[in-house]
Amino acid sequence: MPTTIVIGWIVGILLMGIGAVYLTGKKLIVPRWFDSLLLVFACMLSPILLTLRYGMYYAWSVGALLILGGWAIWFSAGKFSVVNFKKESFLPLLQEELDARGIAREEDDESFTLTGHEGVEIKFREYTNTVEVNLRSVRKMAFYPELLAGLKTRILAVESKVFPMSGVFYLILGIAFLLAMQWIGNRPCPL
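Here it is, written out as structure tokens:
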């Protein structure tokens with residue numbers, strides 16, 4: 000079996016493994032750069048595997064992977080995904096944590112603007128039973144490490160259950176990846 004197919008199978012099994020972990024229903028706090036980097040890698044893997052297999056444009060593919068990967072990490076810094084969690088459960092926890100630190104704020108549907116700190120806001124949104132928390136503008140504040148640690152503790156203490164849509168997504172993506180690698184492996188060289 001060619002090396003390219005083995006790499007593809009490893010990525011497919013990794014995606015299915017992440018899906019299986021998410022399917023347990025356990026609440027996880029995942030840095031957003033992890034999801035972004037995984038998505039960039041999955042999207043760029045096919046061109047890279049094809050260049051490895053047929054020996055074309057290898058430097059371009061790896062360069063594009065490095066540039067897009069670096070951009071994904073930079074763009075996602077300070078963002079977190081709270082997997083298997085609802086926004087309605089997250090908001091009271093964030094309010095309690097900010098109150099415990101004595102941080103005043105103005106509340107909105109999608110964000111909290113911290114009063115006394117110009118341009119600093121905490122944004123959040125929900126998709127597929129996952130809450131994305133954007134703490135990017137708070138990262139340079141002195142209270143950031145304690146705020147993040149307190150949020151993690153409060154989130155992991157919640158006992159509610161939701162359907163793990165992210166787990167289903169990663170599981171299906173992993174299966175599709177395995178099927179695509181099988182298809183690529185069975186095709187003759189076009190050159």
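For what it's worth, numbering that gives the first Met the number 0 labels the leading residue of the sequence shown as 0, then goes sequentially.
Think of the CB as a built atom: it goes at the ideal place given N, C-alpha and C, for glycine as much as any other residue.
Just so you know, these numbers come straight off a predicted model, no measurement behind them.
Rounded straight-line distance, which links the Cα of residue 166 to that of residue 175: Counted from its first residue, the sequence shown places residue 175 at position 176. Counted from its first residue, the sequence shown places residue 166 at position 167. The alpha-carbon atoms of residue 175 and residue 166 are separated by roughly 14 Å.
Three-state class that DSSP yields for residue 122 in the structure shown: One-based indexing of the sequence shown puts residue 122 at position 123. In the structure shown, residue 122 sits in a strand (DSSP, three-state: E or B).
Nearest-angstrom Cβ-Cβ length linking residue 78 and residue 130, presumed shorter than 8 Å: As a working mapping, residue 78 is identified with position 79 in the sequence shown. As a working mapping, residue 130 is identified with position 131 in the sequence shown. Actually they do not touch by this definition, with Cβ atoms about 11 Å apart.
Inter-residue spacing [alpha-carbon to alpha-carbon] between residue 16 and residue 170: For the purposes of this step, residue 16 is identified with residue 17 of the sequence shown, where counting begins at 1. For the purposes of this step, residue 170 is identified with residue 171 of the sequence shown, where counting begins at 1. Approximately 8 Å between the Cα atoms of the pair.
Contact between the segment 25-41 and the segment 62-76 (3+ Cβ pairs under 8 Å): yes
Spatial neighbours of residue 22 in its chain, beta-carbon cut-off 6 Å, leaving aside the 5 residues before and after: Working through the sequence shown from its first residue, we reach residue 22 at position 23. Contacts found: 163, 166.
Counted within 10 angstroms of its Cβ, other Cβ atoms place residue 11 as buried (16 or more) or exposed: Within the sequence shown, numbered from 1, the residue matching residue 11 stands at position 12. By the 10 Å Cβ count, residue 11 comes out buried.
Neighbour-count burial assignment, residue 159, 16 or more Cβ in a 10 Å radius: Here residue 159 corresponds to residue number 160 of the sequence shown, with the count starting at 1. So residue 159 ends up on the exposed side.
Spatial neighbours of residue 157 in its chain, beta-carbon cut-off 7 Å, leaving aside the 5 residues before and after: Taking the sequence shown and counting its residues from 1, the one referred to as residue 157 is at position 158. So the list reads 26, 88, once near-sequence residues are dropped.
Extent of the continuous alpha helix (DSSP H) run through residue 91: Taking the sequence shown and counting its residues from 1, the one referred to as residue 91 is at position 92. Element bounds for residue 91: 86-99.
Residue interval of the alpha helix (DSSP H) (run including residue 154): Sequence index remark: in the sequence shown, residue 154 carries index 155 (1-based). From DSSP, the alpha helix (DSSP H) with residue 154 extends over 143-156.
Beta bridge counterpart(s) of residue 64 as assigned by DSSP: Counted from its first residue, the sequence shown places residue 64 at position 65. In the DSSP output, where bridge partners are listed per residue, residue 64 has none listed.
Cutoff 8 Å; reference residue 90; Cβ partners in own chain excluding five residues on either side: Here the question's residue 90 lines up with position 91 in the sequence shown. Cβ within range, chain order: 123.
Residues sharing a beta bridge with residue 79, DSSP: Within the sequence shown, residue 79 is the residue found at index 80, counting from 1. Paired residue(s): 30, 132.
Residue 180 beta carbon less than 8 Å from that of residue 68: Within the sequence shown, numbered from 1, the residue matching residue 68 stands at position 69. Within the sequence shown, numbered from 1, the residue matching residue 180 stands at position 181. No; because the gap between Cβ atoms is not below 8 Å, this pair is not in contact.
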